[in-house]
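A.B. asks:
See the structure below:
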């Protein structure tokens with residue numbers, strides 16, 4: 015079943031076509047990766063899908079419903095959540111509090127309501143705390159739940175951001191460079207976590223430069239260059255496409271073979 019459908023999506027900045035007629039679909043429970051060189055338009059595409067930018071052309075369909083230009087907070091309540099290339103973690107809050115902030119968003123509760131400490135609010139907080147702890151256990155951060163987020167490693171912060179995105183109970187999760195800046199061990203942890211998320215039935219749309227990770231976990235790959243989609247298909251087919259080799263992987267045949275082998 016198709017969960018996300020991107021239809022001829024486009025946007026211009028100062029006369030420049032940053033994204034031009036990009037289309038693809040994301041099935042429920044599958045991992046689709048968007049790759050391409052720097053400046054290809056990948057994050058801009060994410061920003062249109064997630065409601066940060068309003069597209070100039072095309073449509074975004076979520077589970078058959080036109081959500082083009084829908085604000086981010088409304089999309090979150092409709093089942094779409096995302097992370098960002100640059101960390102959006104509250105470093106002075108505890109690890110647990112960061113995830114609970116995501117729960118508040120999904121529940122549509124004003125923070126001031128909880129500060130009043132009413133009975134319903136206390137019950138909701140207990141439920142939110144329990145769910146946040148479950149998510150922290152899922153990403154391997156439960157033992158440090160009451161530490162400040164600033165104490166985490168970079169890889170830990172990446173996993174915390176994923177946990178907070180999961181707290182909104184998404185059906186579709188957009189991950190923008192989740193392994194960027196991570197060492198080999200941290201990348202493996204992120205790799206395993208993304209695979210587990212998809213296996214649970216959540217669709218994942220991924221932007222990532224780590225080709226080893228992309229090739230390992232993706233069921234489908236979309237390739238962008240200069241704002242346009244130049245190729246898409248199964249990982250093993252995409253890396254053999256001459257347009258992809260030229261635009262993203264380089265023309266060196268040996269490098270192509272190395273990427274394909276990974």
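Numbering (this note's numbering), first residue to last: 15 to 276.
For every residue, glycine included, the Cβ atom is placed at its ideal position computed from N, Cα and C.
Helix or strand or just coil, what does DSSP make of residue 256?
C.D. replies: For the purposes of this step, residue 256 is taken as residue 242 along the chain shown, with counting starting at 1. Here residue 256 sits in helix by DSSP.
A.B. asks: Buried or exposed: which applies to residue 251, given that a residue is buried once 16 or more other Cβ atoms fall within 10 Å of its Cβ?
C.D. replies: As a first step, residue 251 is located in the chain shown; it is residue number 237 there, counting from the start. Label assigned to residue 251: exposed.
A.B. asks: By alpha-carbon positions, which one of 44, 69, 49, 26 ends up nearest to residue 20?
C.D. replies: Taking the chain shown and counting its residues from 1, one reaches residue 20 at position 6. Closest by alpha carbon: 69.
A.B. asks: Around the Cβ of residue 96, are there at least 16 other Cβ atoms within 10 angstroms (buried) or fewer (exposed)?
C.D. replies: To locate residue 96, count along the chain shown from 1; it is residue 82. Residue 96 should be labelled buried.
A.B. asks: With DSSP as the reference, please indicate the residues paired to residue 217 in a beta bridge.
C.D. replies: The residue given as residue 217 occupies position 203 in the chain shown. BP columns for residue 217 point to 186.
A.B. asks: Could you spell out where the alpha helix (DSSP H) holding residue 89 opens and where it closes?
C.D. replies: One-based indexing of the chain shown puts residue 89 at position 75. From DSSP, the alpha helix (DSSP H) with residue 89 extends over 86-91.
A.B. asks: Touch check for the segment 222-242 and the segment 47-54: three-plus C-beta pairs under 8 Å?
C.D. replies: Segments in contact, yes.
A.B. asks: State the beta-bridge partners of residue 47 as determined by DSSP.
C.D. replies: Indexing the chain shown from 1 puts residue 47 at position 33. DSSP lists 220, 235 as partners of residue 47.
A.B. asks: May I ask you to report which of helix, strand or coil DSSP gives residue 65?
C.D. replies: For the purposes of this step, residue 65 is taken as residue 51 along the chain shown, with counting starting at 1. Three-state DSSP puts residue 65 in coil, outside helix and strand.
A.B. asks: Going by the beta-carbon positions, is the gap between residue 93 and residue 80 smaller than 9 Å?
C.D. replies: For this step, residue 93 is matched to residue 79 along the chain shown. For this step, residue 80 is matched to residue 66 along the chain shown. No; because the gap between Cβ atoms is not below 9 Å, this pair is not in contact.
A.B. asks: Kindly indicate which residue of 242, 196, 258, 153 has the alpha-carbon position closest to the one of residue 99.
C.D. replies: Stepping through the chain shown from its first residue, residue 99 is reached at position 85. It is 196.
A.B. asks: Starting from the Cα of residue 176, find the closest Cα among 218, 246, 158 and give me that residue.
C.D. replies: For the purposes of this step, residue 176 is taken as residue 162 along the chain shown, with counting starting at 1. Checked all of 218, 246, 158; the closest Cα to residue 176 is 218.
A.B. asks: Is the separation between the beta-carbon of residue 11 and that of residue 178 shorter than 9 Å?
C.D. replies: Absent from the structure is residue 11, since the part of the chain shown begins at 15 and ends at 276.
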